[in-house]
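Visitor: So the protein sequences, as listed, match chains A and B.
Each residue of the first sequence is one higher than the one before, starting from 1 at the first, in this note's numbering.
Each residue of the second sequence is one higher than the one before, starting from 1 at the first, in this note's numbering.
There are 2 protein chains.
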Amino acid sequence: MATLHELSEFRRPLPINLANRPTASNCDDCGARHSGLCNALTDDELEFLTRAAQRVSLAPGTVFVEEGEKASYFYNINQGNVRLFKSLPDGRRQITGFAGPGYFLGLAAGENNAFSAEAMDHVKLCRFSRASLMAVFEELPVLERKLLDVAMHELVLAQQQMLLLGRKTAIERIASFLLAWAERLEICPAGRLPAPNAVMKLPLSRTDLADYLGLTIETVSRSLSQLKRDGIIDIPNIHEIILTRPRALSEIAEAAV
Amino acid sequence: MATLHELSEFRRPLPINLANRPTASNCDDCGARHSGLCNALTDDELEFLTRAAQRVSLAPGTVFVEEGEKASYFYNINQGNVRLFKSLPDGRRQITGFAGPGYFLGLAAGENNAFSAEAMDHVKLCRFSRASLMAVFEELPVLERKLLDVAMHELVLAQQQMLLLGRKTAIERIASFLLAWAERLEICPAGRLPAPNAVMKLPLSRTDLADYLGLTIETVSRSLSQLKRDGIIDIPNIHEIILTRPRALSEIAEAAV
DNA sequence: ATGCGGCTTTGATCCATATCAAAAGGAAAA
DNA sequence: TTTTCCTTTTGATATGGATCAAAGCCGCAT
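Here's what the structure looks like:
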């Protein structure tokens, strides 16, 4: 069974916020007061939801959702990062997204999963059987609304990514990605630019980056090098980027005329 | 105000079907008994929903959803076809989907619309203000479930498209598209192949096709010509395709090894 | 019928990115 | 420290699809 702490956040960056529960109690696990879904629920409701979840711990590299398999579960990530992807028989891979702590996952599925999911590092998550979560909806309609919000936000991101994959050049893809990643890390509010010289962790291999952006690792590397040469970013080490001139980055990303 | 007929179908091809209303009355407009959402509702509920919708008629070429504008409405298409797309300032365009009769539209939006929508021919649709539809949820939770199903199905399609745009070759994109279009036209059930020599209407310009598949019109034309040369399809006229050998098409689309 | 204009196809060439190859880090083991 | 192995960067070359150009096709108005 899962704890309040583990359920506390159903994906932070949502387009529509639910009202906070005014007198939320502090978390049994960590003492903090959690934002997100839980604050919209009563204690009884929370208890109800908690019973529907199993806690799971995954080693790095574990593929815990398999494309094409029967879609049996939803997941809420508490710790670690997950790669979502689709593959072709000859090994080509398209990463469709990355999910970190607070992300809710499993919506892109009908009868069967449309994607695979793999732990990038040590991952802890809450697992809900689809049937039990659907049953919970009867008691907690607010949860269904929350899921709809999550799905709608996913759709916005998916359409952005289609524009990127279908119509942007390599350097535009890299620039777009860096800015989107900054938003994701909450280095800046959605739709705003980060401050000049903002520092950003980027815990992805070049291979992941390439498979997410529809490029090869060589092109990713070359594009990053070019942005560095042009003084728009700096790369102190492989997993860190300094956004020296975010404005310039944004002009490239949006193909400003 | 909209009629039962106009509301009768909230997008046909759904991954999860709602139970039919056993004793659905026939449609006031057309006399037929409609499948889809309406059959899951009582007459009172239907009446309630009907009041929340305005009927709208659009001339070909009308852009009735503008990317970046405040997202105020959802739409349910009754007649005609719609292009959904995103653009870059220099005119590059990525079509993210096509919506025909029965399609529900407007989910890919947070505060603002993530896409634009344009009537491809004469379109009739029902328009719901977001606020009023949200209000309807209180009375008709089944509607919210339905919308979640629609959104989940959209996500499945979006991920398929990301794989196509990020990792498939031109000819694979064309082959994938033709099979997906056949499913959409219900020439074959989802996940199955059409019968050999199935005939298919394709009411899209090469430009639309190119902007949907992330290619140029020349490449679209060349790829279609090649499939024709190889005896896999036939093209009796611009807006009609014969799927001579669907199995071969599928092997190309899925990059079978 | 004839001619015009827009779409589509086909051909020739170019170029952005992939592919192939090798050198340069950088972390962990010996 | 040195070696090994793996990832990343950089360089050289190839190529799939874009771009540029022209010819075909077809509907429509005259």
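Glycine included, each C-beta is placed from N, C-alpha and C at the ideal position.
1) Given that Gly102 of chain A touches chain B, what residues does it touch there, using C-beta distances under 8 Å?
2) Tell me whether the beta-carbon of Asn197 of chain A lies closer than 8 Å to the beta-carbon of Leu243 of chain A.
3) Does the beta carbon of Phe128 of chain B sit closer than 8 Å to a beta carbon anywhere in chain A?
4) By Cβ distance below 6 Å, which residues in the same chain neighbour Ser57 of chain A in space, the five residues on each side in sequence not counted?
5) Can you check whether the C-beta of Pro189 of chain A is within less than 8 Å of a C-beta belonging to chain B?
6) How is the alpha helix (DSSP H) around Thr169 of chain A delimited, first residue to last?
7) Could you confirm whether any beta carbon from chain A is found closer than 8 Å to the beta carbon of Ala19 of chain B?
8) Can you round the beta-carbon distance between Asn81 of chain B and Phe98 of chain B to whole angstroms, since I take them to be within the 8 Å contact cut?
9) Excluding the 5 residues flanking Tyr73 of chain A on each side, which residues of the same chain have their C-beta closer than 7 Å to its C-beta?
10) For Leu84 of chain A and Phe115 of chain A, which I take to be in contact (beta-carbon distance under 8 Å), what is that distance rounded to the nearest angstrom?
11) Name the residue from A:Asp90, A:Ile95 and A:Thr62 whose alpha carbon lies nearest to the alpha carbon of Arg206 of chain A.
12) Could you work out which residues of chain B lie near Thr207 of chain A, taking near to mean beta carbons separated by less than 7 Å?
13) To be precise: take each residue of the stretch 152–168 of chain A, compare its Cβ to all Cβ atoms of chain B, and keep it if any distance is under 8 Å. Which residues remain?
14) Could you please give me the residues that DSSP links to Ile187 of chain B through a beta bridge?
15) Taking the C-alpha atoms as reference points, what is the distance between Ala119 of chain B and Ser87 of chain B?
16) Around the Cβ of Gly91 of chain B, are there at least 16 other Cβ atoms within 10 angstroms (buried) or fewer (exposed)?
17) Are the stretch 183–192 of chain B and the stretch 178–191 of chain A in contact at 8 Å, needing three or more beta carbon pairs?
18) Do you know how far the Cα of Pro101 of chain B is from the Cα of Val136 of chain B?
19) Roughly how many angstroms separate the alpha carbons of Asn237 of chain A and Glu67 of chain A, rounded to a whole number?
20) If distances are taken between C-alpha atoms only, which option among A:Glu154, A:Phe48, A:Gln54 and A:Ala108 comes closest to Lys70 of chain A?
21) Give a yes or no on whether 8 Å exceeds the smallest Cβ distance from Ala117 of chain A to chain B.
22) Using beta carbons (cut-off 8 Å, strictly below), is Pro203 of chain A in contact with chain B?
23) Starting from Thr216 of chain A, trace the alpha helix (DSSP H) in both directions and tell me its first and last residue.
24) Less than 8 Å between the beta carbons of Ala253 of chain A and Ala175 of chain A, yes or no?
25) Measuring only the C-alpha atoms, how far is Leu143 of chain A from Glu154 of chain B?
26) How would you list, in chain order, the residues of chain B whose beta-carbon sits under 7 Å from the beta-carbon of Lys86 of chain A?
Guide: Let me lay it out:
1) Near Gly102 of chain A there are no residues of chain B at all, since even the closest Cβ is about 17 Å away, more than 8 Å.
2) yes
3) no
4) Lys124
5) no
6) First-last for Thr169 of chain A: undefined, no H or E at that position.
7) The predicted position of Ala19 of chain B is uncertain, since its pLDDT is 26 and thus under 50; no value can be drawn from it.
8) 6 Å
9) Gly106, Arg127, Phe128, Ser129 and Arg130
10) 5 Å
11) A:Ile95
12) None at all; the shortest Cβ gap to chain B is about 14 Å.
13) Met152, His153, Glu154, Leu155, Val156, Ala158, Gln159, Gln160, Gln161, Met162, Leu163, Leu165, Gly166, Arg167 and Lys168
14) Beta-bridge pairing links Ile187 of chain B to no other residue.
15) 16 Å
16) With fewer than 16 other CB atoms across the displayed protein chains lying within 10 angstroms of its CB, Gly91 of chain B is exposed.
17) no
18) For Val136 of chain B and Pro101 of chain B, the gap between their C-alpha atoms comes out near 22 Å.
19) Each residue's alpha carbon lies about 34 Å from the other.
20) A:Ala108
21) no
22) Chain B, which has no Cβ nearer than 8 Å to the Cβ of Pro203 of chain A, makes this no.
23) Neither: Thr216 of chain A is in no alpha helix (DSSP H) and is coded neither H nor E.
24) yes
25) 20 Å
26) Gln159 and Leu163
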